[in-house]
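> The structure that follows is given in the form of structure tokens.
In my numbering, the protein residues as written are 2 to 552.
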């Protein structure tokens, strides 16, 4: 495999301004073009907000903003500020969002009020606010949608909401009623955003095939009149004959996973555009056909991607005193094909990171340029790794979909729990479903980055090798549960350890020419993992193995 390197930048359209989410405060497009800050106020004068509270039930990501008002009144807000002076508010034009809405998730046990602060349009440069009272959500997460059209607007109403000069797009406080009591108040906010109006919902994928008992992920977005994505949540529903959903109406989600039953049909989703509902459907074709697939990412024997034609391997690095990784083809130390990818990093600070990624599309291609990998939800990302023990706690592997801005994705895992680090080749298998979910996890049907490997921290100079990166759909319903525990070469011997349901029949095959396969082992699994050694198999030729369930 021939490796070429490039660096790409990301640009996003603006159907949505994400004021607050796991990535932090809105920073504009391109990132850094807008500065926002959080202000707070309270009867005691003390702080009331922690914007980085971990929550296992967060509607978006892993973090939420918690407000604690110890007595009487208090609140906080997100404000547009001067880039060189965060204590100075500035007015920003939000007129593109006319007819849209302010949306956020709220957990509360008290009545609150939400405000938008702006400059009046009469030239007096006076601050003004519009207010919406929000009843308690009774200790449950609830999405709040406040249409801008719910307020009197300038210029029809002098002094009304002026979207051309927004100072604070989101302020949340105790209400007149709750702020009058001395009792403490506590509430949480997540995924606050300003959205354009939309008249269409896009559901991804719009059509799919699936075997009974297998899974498919579906994700929704609104579509603005300019074709921009509008980040919304909706209620998913499906007939029980078609299957079951892990999140279904009346609960709201931006992504849901179908467990297929036996009858083809459709999934329906409904979302709210300001005041009116919008629906979309996806067609689900349930079939008994063999849907098993393999997809080569960086591989000489599975050649689905054609690097530098339809895809690109990109290097990256960052942090203090860090340098670009040195990436080369190693033709002498490999698992399959002609070469492996050798990477040398040199990181000397705790915040250093470097690595590489393989993306769909060439360098600089838009995040809307993606490919559908939703068939692989039940499968694995597999690759061969040879890395020293010194890097055991420093690897992160992940993927990304185009609807999630680069560097904000949560679709990644530490490699320590999946691989052995002893400078020997080992096969690694990571379940793809752990990467999939509502943003900032991945929508598999819009995959942008198939494989990203990152080394983090102060590692010094270290070298590792990767080979034969591929996705597969896993084992179908006929041979469900068969899995490779690990595989490695020791001298000329091939070692394979695998496991599965007791009584499960299997066949192990090998090939040296990558076209014809030879059965070398047939047996039945017991309660313990099965260990196999193919002695001297690798002395004279490169050998490829595959493990099959026997129907």
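Cβ coordinates follow ideal geometry from the N, Cα and C atoms, glycine included. If you're wondering where the values come from, they're calculated on a predicted model, not measured in any experiment.
How many whole angstroms separate the CB atoms of residue 357 and residue 294, which I take to be in contact at a CB cut-off of 8 Å?
For the purposes of this step, residue 357 is identified with residue 356 of the chain shown, where counting begins at 1. For the purposes of this step, residue 294 is identified with residue 293 of the chain shown, where counting begins at 1. In fact, because the Cβ distance is near 24 Å, the residues do not count as touching under 8 Å.
> Any idea if residue 478 is buried or exposed, counting beta-carbon neighbours within 10 angstroms, 16 or more meaning buried?
Here residue 478 refers to the residue found at position 477 of the chain shown. Model confidence at residue 478 stands at a pLDDT of 34, short of 50, so the residue's coordinates are unreliable and nothing is read from them.
> Does the Cβ-Cβ distance between residue 20 and residue 136 come in under 8 Å?
For the purposes of this step, residue 20 is identified with residue 19 of the chain shown, where counting begins at 1. For the purposes of this step, residue 136 is identified with residue 135 of the chain shown, where counting begins at 1. It is not a contact, given that the beta carbons lie outside the stated cut-off.
> Based on the DSSP output, what are the partners of residue 473 in its beta bridges?
Residue 473 sits at position 472 when you count from the first residue of the chain shown. Per DSSP, 295 and 381.
> Exposed or buried, which one is residue 400 when buried takes at least 16 other CB atoms within 10 Å?
Mapped onto the chain shown, residue 400 falls at position 399. Burial call: buried.
> Could you tell me the distance, in whole angstroms, from the CA atom of residue 339 to the CA atom of residue 84?
Here the question's residue 339 lines up with position 338 in the chain shown. Here the question's residue 84 lines up with position 83 in the chain shown. When rounded, the distance between both Cα atoms is 52 Å.
> Would you mind giving the Cβ-Cβ distance between residue 218 and residue 445, rounded to the nearest angstrom? I have them listed as a contact below 8 Å.
Here the question's residue 218 lines up with position 217 in the chain shown. Here the question's residue 445 lines up with position 444 in the chain shown. Contact flag correct, Cβ pair sits at about 5 Å.
> For residue 539, does the three-state DSSP call read helix, strand or coil?
Taking the chain shown and counting its residues from 1, one reaches residue 539 at position 538. Coil.
> Taking residue 333 as the reference, which of 343, 388, 326 and 520 has the closest Cα?
Within the chain shown, the letter at position 332 stands for residue 333. Residue 343 is the option with its Cα nearest to residue 333.
> Where does residue 139 sit, in a helix, a strand or coil, going by DSSP?
Here the question's residue 139 lines up with position 138 in the chain shown. Looking at residue 139 - three-state DSSP - the assignment turns out to be coil, as it is neither helix nor strand.
> What first and last residue would you give for the beta strand (DSSP E) that runs through residue 76?
Here residue 76 refers to the residue found at position 75 of the chain shown. Its beta strand (DSSP E) spans residues 75-83.
> Is residue 154 helix, strand or coil by DSSP?
On the chain shown, position 153 is the one that residue 154 refers to. Residue 154: strand per DSSP, three-state reduction.
> Apply the 10 Å Cβ neighbour rule to residue 264 and answer buried if 16 or more other Cβ atoms are within range, or exposed otherwise.
Taking the chain shown and counting its residues from 1, the one referred to as residue 264 is at position 263. The residue in question, residue 264, is exposed, as its Cβ has fewer than 16 Cβ neighbours within 10 Å.
> Should residue 236 be flagged as near chain D, meaning a C-beta pair shorter than 8 Å?
The chain labelled as chain D is not found in the depicted structure, where only one protein chain is given.
> Would you kindly report the start and end of the unbroken beta strand (DSSP E) that includes residue 496?
In the chain shown, counting from the first residue as 1, residue 496 sits at position 495. Per DSSP, residue 496 belongs to the beta strand (DSSP E) from 494-500.
> Please list the terminal residues of the continuous beta strand (DSSP E) segment that includes residue 454.
Residue mapping note: residue 454 aligns to position 453 of the chain shown, counting from 1. Per DSSP, residue 454 belongs to the beta strand (DSSP E) from 448-457.
> Reducing DSSP to helix, strand and coil, say where residue 418 ends up.
If you number the chain shown from 1, residue 418 lands on position 417. Looking at residue 418 - three-state DSSP - the assignment turns out to be helix.
> Which one of 419, 216 and 408 has the shortest CA to CA distance from residue 434?
Taking the chain shown and counting its residues from 1, one reaches residue 434 at position 433. For the residues 419, 216 and 408, the minimum Cα distance to residue 434 belongs to 216.
> For residue 52, which residues in the same chain have their Cβ closer than 6 Å to its Cβ, ignoring the five residues on either side in sequence?
As a first step, residue 52 must be located in the chain shown, where it is residue number 51. These residues qualify, in order along the chain: 66.
> State the DSSP-derived secondary structure class of residue 442, mapped to helix, strand or coil.
By 1-based counting over the chain shown, the position of residue 442 is 441. Looking at residue 442 - three-state DSSP - the assignment turns out to be coil, as it is neither helix nor strand.
> State yes or no: is the C-beta of residue 292 within less than 8 Å of the C-beta of residue 448?
Counting from one through the chain shown, the residue named residue 292 turns up at place 291. Counting from one through the chain shown, the residue named residue 448 turns up at place 447. Cβ distance not < 8 Å, so residue 292 and residue 448 don't count as in contact.
> Take the Cβ of residue 208 as the centre, count every other Cβ of all protein chains shown within 10 Å, and call the residue buried at 16 or more, exposed below.
Position 207 of the chain shown holds residue 208. Flag for residue 208 reads exposed.
> Does the Cβ of residue 404 have 16 or more other Cβ atoms within 10 Å, making it buried, or fewer, making it exposed?
Indexing the chain shown from 1 puts residue 404 at position 403. The residue in question, residue 404, is buried, as its Cβ has 16 or more Cβ neighbours within 10 Å.
> Taking the alpha-carbon positions, what's the residue 86 to residue 168 distance?
Position 85 of the chain shown, counting from 1, holds the residue named residue 86. Position 167 of the chain shown, counting from 1, holds the residue named residue 168. Between residue 86 and residue 168, the C-alpha separation is close to 14 Å.
> Report all residues from its chain with a CB closer than 7 Å to the CB of residue 109; omit the five preceding and five following residues, and keep chain order.
One-based indexing of the chain shown puts residue 109 at position 108. Answer for residue 109: 137, 138 and 188, listed in chain order.
> Could you tell me whether the Cβ atoms of residue 545 and residue 304 are closer together than 8 Å?
Position 544 of the chain shown holds residue 545. Position 303 of the chain shown holds residue 304. Their beta carbons are not under 8 Å apart, which means residue 545 does not touch residue 304 by this criterion.
> Of all the options 210, 159 and 366, which has the alpha carbon lying nearest to the alpha carbon of residue 310?
As a first step, residue 310 must be located in the chain shown, where it is residue number 309. Of the candidates 210, 159 and 366, the one whose C-alpha sits nearest the C-alpha of residue 310 is 366.
> Where does residue 520 land, buried or exposed, given buried means 16+ other C-beta within 10 angstroms?
Start at 1 with the first residue of the chain shown, and residue 520 comes out as number 519. Classification for residue 520: exposed.
> Measuring straight from C-alpha to C-alpha, what distance separates residue 539 and residue 495?
For the purposes of this step, residue 539 is taken as the residue at position 538 of the chain shown. For the purposes of this step, residue 495 is taken as the residue at position 494 of the chain shown. Between residue 539 and residue 495, the C-alpha separation is close to 7 Å.
> Using 8 Å as the threshold, is the C-beta distance between residue 252 and residue 238 below it?
Locating residue 252 in the chain shown gives position 251, counting from the first residue. Locating residue 238 in the chain shown gives position 237, counting from the first residue. The Cβ-Cβ distance between residue 252 and residue 238 does not fall below 8 Å.
> In whole angstroms, what is the alpha-carbon distance linking residue 204 and residue 319?
Position 203 of the chain shown holds residue 204. Position 318 of the chain shown holds residue 319. Approximately 35 Å between the Cα atoms of the pair.
> Under a three-way DSSP split, which group does residue 197 fall into?
Along the chain shown, one-based indexing puts residue 197 at 196. Here residue 197 sits in coil by DSSP.
> Which value, in whole angstroms, describes the spacing of the CA atoms of residue 481 and residue 506?
Start at 1 with the first residue of the chain shown, and residue 481 comes out as number 480. Start at 1 with the first residue of the chain shown, and residue 506 comes out as number 505. Bear in mind that a pLDDT of 48 at residue 481, under 50, signals an unreliable position, so the model cannot answer this.
> Going by DSSP, name the residue or residues bridged to residue 95.
Stepping through the chain shown from its first residue, residue 95 is reached at position 94. Paired residues: none, contrary to the question.
> In chain order, what residues of the same chain have a beta carbon less than 6 Å from the beta carbon of residue 281, not counting five sequence neighbours either side?
As a first step, residue 281 is located in the chain shown; it is residue number 280 there, counting from the start. Excluding positions up to five away in sequence, the list reads 202, 204 and 270.
> Rounded to whole angstroms, how far is the Cβ of residue 350 from the Cβ of residue 321, which I believe are closer than 8 Å?
By one-based count along the chain shown, residue 350 stands at place 349. By one-based count along the chain shown, residue 321 stands at place 320. With a Cβ gap of about 4 Å, residue 350 and residue 321 count as contacting.
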